[in-house]
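Residue numbers (this note's numbering): 386 to 550.
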Amino acid sequence: MRRPVAIVTALVLFGEAVGIVLINAVLATVAENQNMSLAGMDPDAMSAGTWAMGGVSGLLLVLCGLIALIAGIRDRAPGRAGRIVLIGCAVVHGVLGAVTVGLVGWAAFAFMMVVLALLVLTLLSYGPETRADGIDGTDDTAGGKTAPAPAQGGSGGSGLRPTAP
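Written out as structure tokens, the structure reads:
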């Protein structure tokens with residue numbers, strides 16, 4: 386099930402990247418055509434900043450989508466940098482979801498939470514492997530985890546010492 390989730394996550398992020406670029410293109414065009422400024426700022430700077438923000442946001446969403454797509458195609462967990470990028474993307478979607486519920490409405494909030502859920506599900510499904518590699522392929526440990534080796538004390542015995550005098 387983890388391959389389809391990663392591929393769907395990638396497709397949703399690609400679609401979101403296109404949407405963010407288009408929204409910022411409209412905002413930049415409106416700001417430029419109406420000579421809007423904020424606190425005396427140059428209208429051309431407002432327009433250029435909106436174009437830049439749209440482009441950078443779109444590129445970052447495409448990067449996150451590519452990481453999820455590669456994980457889904459290879460059926461292997463992304464590397465450390467890829468996981469950090471996906472975690473950052475999930476955090477941004479959580480924060481923006483909280484902001485959009487007040488500014489845009491519940492439909493935008495629901496979309497942001499669906500994307501957040503897909504990112505988290507992708508990260509969790511490609512988490513660290515917990516299976517022990519046994520000789521016959523079976524797992525005798527509880528929960529699939531092996532117990533750590535007991536500590537060896539210097540005087541023999543169990544190696545446990547009281548922590549308080």
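Don't be surprised by glycine CBs; every beta carbon is placed ideally from N, CA and C.
Using three-state DSSP, classify asparagine 420 as helix, strand or coil. Counting from 1 along the sequence shown, the entry for residue 420 is found at position 35. Coil, per DSSP.
I'd like the span of the alpha helix (DSSP H) that includes proline 428, first residue to last. Working through the sequence shown from its first residue, we reach residue 428 at position 43. Per DSSP, proline 428 belongs to the alpha helix (DSSP H) from 428 to 459.
Roughly how many whole angstroms lie between the Cα atoms of alanine 502 and valine 476? Taking the first residue of the sequence shown as position 1, residue 502 is located at position 117. Taking the first residue of the sequence shown as position 1, residue 476 is located at position 91. Rounded to whole angstroms, alanine 502 to valine 476 spans 11 angstroms at the Cα level.
Quick check on threonine 414: does DSSP put it in helix, strand or coil? Along the sequence shown, read from residue 1 onward, the residue named residue 414 stands at position 29. If DSSP states are grouped into helix, strand and coil, threonine 414 belongs with the helices.
Between which two residues does the alpha helix (DSSP H) containing arginine 546 stretch? As a position in the sequence shown, residue 546 is number 161, starting the count at 1. Neither: arginine 546 is in no alpha helix (DSSP H) and is coded neither H nor E.
Less than 9 angstroms separating the beta-carbons of valine 480 and threonine 394? One-based indexing of the sequence shown puts residue 480 at position 95. One-based indexing of the sequence shown puts residue 394 at position 9. No; because the gap between Cβ atoms is not below 9 angstroms, this pair is not in contact.
With a threshold of 16 other CB atoms inside 10 Å of the CB of isoleucine 452, please say whether the residue is buried or exposed. To locate residue 452, count along the sequence shown from 1; it is residue 67. The residue is buried, with at least 16 neighbouring Cβ atoms inside 10 Å.
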